[in-house]
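At position 192 of the sequence shown (counting the first as 1) the number is 192 in full-length UniProt numbering, and the numbers step up by one without a gap.
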Amino acid sequence: MPGIDDNNDIGFDISDDDIYVPIAQRRATLLGNKKTSENDDRPNSSLDFLNDDSNKASTSSKTLLEESQVILSEKKTQDNMKSDIQRRAEEDADIVDAHTKQQRKLIPAAELAHGISYSRIMETSWKPPEYIRQRSSEGNSLIRRKHHILVEGSDIPPPCETFADMKLPGAILRYLKFKKILSPTPIQIQGISTAFSGRDMIGIAFTGSGKTLSFSLPTLMFALEEESKLGFDKGEGPIGIILCPSRELARQTHDGLIQMSRALNDDGYPLVRSLLCIGGISMQDQSETLQNGFHIVVATPGRLLDMLEKGKITLFSCRYLCLDEADRMIDMGFEEDVRSIMSFFKHQRQTLLFSATMPKKIQDFARQSLVEPILVNVGRAGAANLDVLQEVEFIEPEAKMVYLLECLQKTPPPVIIFSDLKNDVDDIHEYLLLKGIEAVAIHGSKSQEEREFAIETFKSGRKDVMVASGVASKGLDFNDIQHVINFTMPKEIEDYVHQIGRTGRSGKTGVATTFVNHSVPEQTLLDLKYLLKEAKQRIPSFLHDVVDPFDGKPSGCPICGGLGHSAVNCPKLEDAQKRKPKGDEIGSSW
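Here you go:
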């Protein structure tokens, strides 16, 4: 080409047939010449400039599709490097996170609307004895390890190993001795002192471990203190509320409070009045209590909300709220009722949540709603009572009724038989009566009078066998139950834990026999297998054959606490999705 020298400074061989030289080639030639030249003192900035241009050109040569394929390939490689356990943990975390985001805090709407939040711990007048206050943190930790108590939180009150150390009145000490309650259980050792200190609390302990006394006794003492300062008059009260998921559990808790209150009154203390607020009973029967003022309300959520909305009960003075079987109450659809009840509070309240089966999801949810809560855990949440001998039998459906009679011969009465189906409850009850067995039946479709008659006759020993649906599995305390028979295996392992927990209570031992067959989902069988393994029980051969995707290393479901599945296939989550309106499923955002 005219005007261009073949031996030009740039050093490119340019001919008429080949006018264009790619920039990458020019760069390479320049770099080569630069390295071989000893006399060239030019700065390197020009080379850097060309190098940057080359990189940009190289990067821009890839299409978006190619870049996305590279990214996906890298992600796939990373995923392959992860273990199955890591992947399951991440999937569970995503599901729990999505589920939690759809839950609102257990805080009244008015407080949220006005930006009201409480950060200070409730103050009380209670203090442990001086020698306990002087005990070192290492000494407190040693006591907790001795009783297998796990605690989380800040400024945790010290454990008290005797009822006398809790500074209870002599009348209560004598009452407990009369009831053969000589020393506190682990949940009471830490739980009662925590409640007395005014702290919000999440209490978890196996069935039959004395959780009811851990929250009802502090309620009674707070009410007694307020009555001693300034007596409650007409229309005043309550100081405390205890919410229960079932009528039977509410009545049982109320009866215990009445007995302790009478023991105090007989010893010269003011009378602490309790109001039972449940469906199926007439409030006219308690008109005297309503008129004279009352200190404590024991209620089911629906009936209490109705009384609050009608203005028959006010919460101007209420400072104490306890949810018994808290996770079961939320699962049973009472969450909105509880939130509505809390909207009637006018001041800060001390909140306590107790249960035997409180999965991590509920614990995290509770922590968001409480003020610097303390978690008191005796054993794994959802673990079975180790005092119960668990036996699992493979019985075909047509043989269950006949084999039931054989199972009743294992132990002397009293015995409870559970079935998920109300029709089964009635059929079993009729069959036992025909065989000459003294039996009663209880389920949700029976009237309140029938339910109370069944419980009263069974507790008094006039009946040997109670046939029940899940209504009798939540917290009810029957005397010396020898044997629990699960005629049908519950779908959710939490229900199984609650049902077998009707025996082996307060340190006694008991037997639980469960019928399973091909109709039970493998997932439920796997939950059962791991629960038996954890409790060091005999695992029948047919459970060994259940396919185990966890290879013997379960991480546990954060939704329900079951060991044989993850959150991806949690039966409780599936039921929750079915109950929600179409288009509002829990998993719609996953």
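Think of the CB as a built atom: it goes at the ideal place given N, C-alpha and C, for glycine as much as any other residue.
In this text the structure is predicted, and so the values were computed from the model without any measurement.
For serine 355, the enclosing beta strand (DSSP E) stretches over residues 350-355. Assigned with DSSP and collapsed to three states, valine 568 falls in helix. Serine 369 and isoleucine 107 have their C-alpha atoms roughly 6 Å apart. Aspartate 255 is not a Cβ neighbour of leucine 305, given a cutoff of 8 Å.
About 18 Å separates the beta carbon of isoleucine 330 from that of arginine 303, a gap too long to meet the 8 Å contact definition. When the alpha-carbon of threonine 488 is set against those of Gly504, Val297 and Gly470, the nearest one is in Gly470.
As the crow flies, the alpha-carbon of proline 301 is around 8 Å from that of isoleucine 341. One Cα belongs to isoleucine 559, the other to aspartate 575, and the distance between them is close to 12 Å. DSSP places phenylalanine 178 in the helix class (H, G or I) of the three-state scheme. Distance check between isoleucine 442 and each of Glu248, Arg174 and Ile242 places Glu248 closest, using alpha-carbon atoms only. Under the criterion of beta carbons closer than 8 Å, leucine 275 and glutamine 286 qualify as touching, at roughly 6 Å. Proximity to leucine 532 across Thr509, Ala384, Val371 and Lys179 peaks at Ala384, based on C-alpha coordinates. Distance from the CA of phenylalanine 163 to the CA of lysine 400, rounded to the nearest whole angstrom, comes to 47 Å. Counting the other Cβ atoms within 10 Å of the Cβ of isoleucine 241 gives 16 or more, which makes it buried. Contact annotation: glycine 444 and glutamine 482 have beta-carbon atoms that are not nearer than 8 Å. Sorting Leu308, Gln390, Leu432 and Leu213 by C-alpha distance to the C-alpha of glutamine 252 places Leu213 at the top. Counted as a single uninterrupted DSSP element, the alpha helix (DSSP H) harbouring cysteine 407 occupies residues 400-407. In this model, lysine 146 and glycine 280 are separated by some 45 Å (Cα to Cα). Within the model, the alpha-carbon separation for threonine 503 versus cysteine 407 is close to 15 Å. Under DSSP, tyrosine 320 forms a beta bridge with Gly240 and Gln350. By the CB criterion at 8 Å, phenylalanine 206 and glycine 501 fall inside the cutoff. Taking asparagine 292 as the centre and dropping the five residues before and after it, the same chain places the C-beta of Lys234 and Arg273 closer than 7 Å to its C-beta, in chain order. Secondary-structure assignment with DSSP links methionine 201 through a beta bridge to Leu352 and Ile374.
Under the 8 Å Cβ criterion, the stretch 346-353 does not count as touching the stretch 539-552, having fewer than three qualifying pairs. Counting C-beta atoms within 10 angstroms of its own C-beta, aspartate 155 has fewer than 16 neighbours from the protein chains shown and is therefore classed as exposed. Closest by C-alpha distance to proline 571, out of Ser141, Thr457, Gly507 and Leu525, is Leu525. Non-local beta-carbon contacts of leucine 405 in its own chain, meaning distances under 8 Å to residues more than five positions away in sequence, involve Lys435 in chain order. Setting aside the 5 residues that flank it on each side, phenylalanine 334 is surrounded in the same chain by Pro301, each with a C-beta closer than 6 Å to its C-beta; the list follows chain order. Straight-line measurement puts the Cα of glutamine 537 at about 25 Å from the Cα of proline 397. The C-beta distance from isoleucine 374 to threonine 194 rounds to 5 Å, short enough to meet the 8 Å contact threshold. Residue nearest to arginine 349 within the set Lys410, Val371, Leu150 and Asp477 is Val371 (criterion: CA-CA distance). Between the alpha carbons of methionine 201 and proline 238 lies a distance of about 20 Å. When DSSP states are grouped into helix, strand and coil, valine 520 belongs to the coil group. Non-local C-beta neighbours of leucine 271 in its own chain, meaning closer than 6 Å and more than five positions away in sequence, comprise Asn265, ordered along the chain. Distance from the CA of isoleucine 437 to the CA of methionine 466, rounded to the nearest whole angstrom, comes to 10 Å. Taking C-beta separations shorter than 8 Å and ignoring five residues to either side along the sequence, the partners of isoleucine 395 in its chain run Tyr403, Phe515, Val516 and Asn517, following chain order.
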